[in-house]
Amino acid sequence: MALNYDKAIIANAPPELLESFCGVGNPFSIAKLSPGDQVLDIGCGAGFDMIVASEQVGKKGKVCGIDLTEDMINRARKNMALAAITNFEIHHVDTEEIPYPEQTFDVVTSNGVINLSPQKEHLFKEIFRVLKPGGRLQFVDIVLKKELPASLAASPDAWSQ
Ligand SMILES: C[S@@+](CC[C@H](N)C(=O)[O-])C[C@H]1O[C@@H](n2cnc3c(N)ncnc32)[C@H](O)[C@@H]1O
Numbered sequence: 003m004a005l006n007y008d009k010a011i012i013a014n015a016p017p018e019l020l021e022s023f024c025g026v027g028n029p030f031s032i033a034k035l036s037p038g039d040q041v042l043d044i045g046c047g048a049g050f051d052m053i054v055a056s057e058q059v060g061k062k063g064k065v066c067g068i069d070l071t072e073d074m075i076n077r078a079r080k081n082m083a084l085a086a087i088t089n090f091e092i093h094h095v096d097t098e099e100i101p102y103p104e105q106t107f108d109v110v111t112s113n114g115v116i117n118l119s120p121q122k123e124h125l126f127k128e129i130f131r132v133l134k135p136g137g138r139l140q141f142v143d144i145v146l147k148k149e150l151p152a153s154l155a156a157s158p159d160a161w162s163q
């Protein structure tokens, strides 16, 4: 894993955090966050991108993560504690509703998650609901360039790989 992430962050990250990373790119290569930004990471997994974001927004900023999986949330909380980060919160979600009021965030990020959503249009509506005016969405993901064979498209195993 490198993906143009800051080498110092990778060097200082606990090995179990790097092993749990399952992003598909680097959402911060699109633009750096600004000090003081309020940031939401959709599908925060074990928290690597939250740690990167926290470093960029500094103590006046805040990083919020949401994830569908309790196990990933527990890992993310543990990793944030190991990294001595305090300007964060993480919430478990069990739907694609984002549990924040409208116009809360300067930036929404996501890494390899939106492709997993069965309700992409709804998820994008939710993202733009919680973004402040002039805020931005910066995400990396995988896209299909051609239709999948029906057997693959209907396979939960293939969907999760
Ligand atoms: C491919 S992993 C990426 C994790 C993390 N972004 C990273 O870079 O390591 C997908 C994560 O998104 C979560 N997830 C999938 N769909 C989601 C949704 N609609 N809302 C929140 N989390 C979701 C999964 O539980 C999993 O932790």
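My numbering puts the first residue of the sequence shown at 3, with every later residue one more than the last.
Even glycine gets a Cβ: it sits at the ideal position worked out from N, Cα and C.
From residue i to residue j, what distance separates their C-alpha atoms?
i    : j    : result
Y102 : L70  : 15 angstroms
E123 : E98  : 11 angstroms
A83  : S153 : 43 angstroms
F141 : P158 : 24 angstroms
A145 : I75  : Looking at the sequence provided, one finds Val at residue 145 rather than Ala. Taking the straight line joining both Cα atoms gives about 26 angstroms.
S119 : K134 : 23 angstroms
K34  : E149 : 34 angstroms
I53  : I12  : 10 angstroms
I92  : V65  : 9 angstroms
P37  : N6   : 20 angstroms
A48  : V115 : 13 angstroms
F126 : I100 : 10 angstroms
I want to check one thing, is the minimum distance from the CB of residue i to the heavy atoms of ligand 1 below 6 angstroms?
i    : result
F126 : no
D69  : yes
C66  : no
S119 : yes
E98  : yes
N28  : no
F130 : no
N113 : yes
F23  : yes
M52  : no
M82  : no
Within a Cβ cutoff of 8 angstroms, which residues of the same chain sit near residue i, ignoring the five residues on either side of it in sequence?
i    : result
E104 : R131, V132
Provide the residue span of the alpha helix (DSSP H) that contains residue i, from first to last.
i    : result
L19  : 17-22
V95  : Premise fails: V95 is in no alpha helix (DSSP H) and is neither H nor E.
K184 : This structure does not reach residue 184, given that the chain is present from 3 up to 163, and the question cannot be answered.
N14  : 9-14
V132 : 122-132
Flag residue i as yes when its Cβ comes closer than 6 angstroms to any non-hydrogen atom of ligand 3, and as no otherwise.
i   : result
G47 : Judged by which ligands are present, ligand 3 is missing from the structure shown, whose ligands are ligand 1.
Can you tell me where the beta strand (DSSP E) with residue i in it begins and where it stops?
i    : result
N113 : 107-113
L42  : 40-44
To which residues of the same chain is residue i closer than 7 angstroms at the C-beta, ignoring the five residues directly before and after it?
i   : result
A55 : L35, V41, D43, V65, T111
I87 : I53, S56
Looking only at its own chain, which residues have a Cβ that is under 6 angstroms from the Cβ of residue i, when we skip the five neighbours before and after it?
i   : result
I32 : Q140
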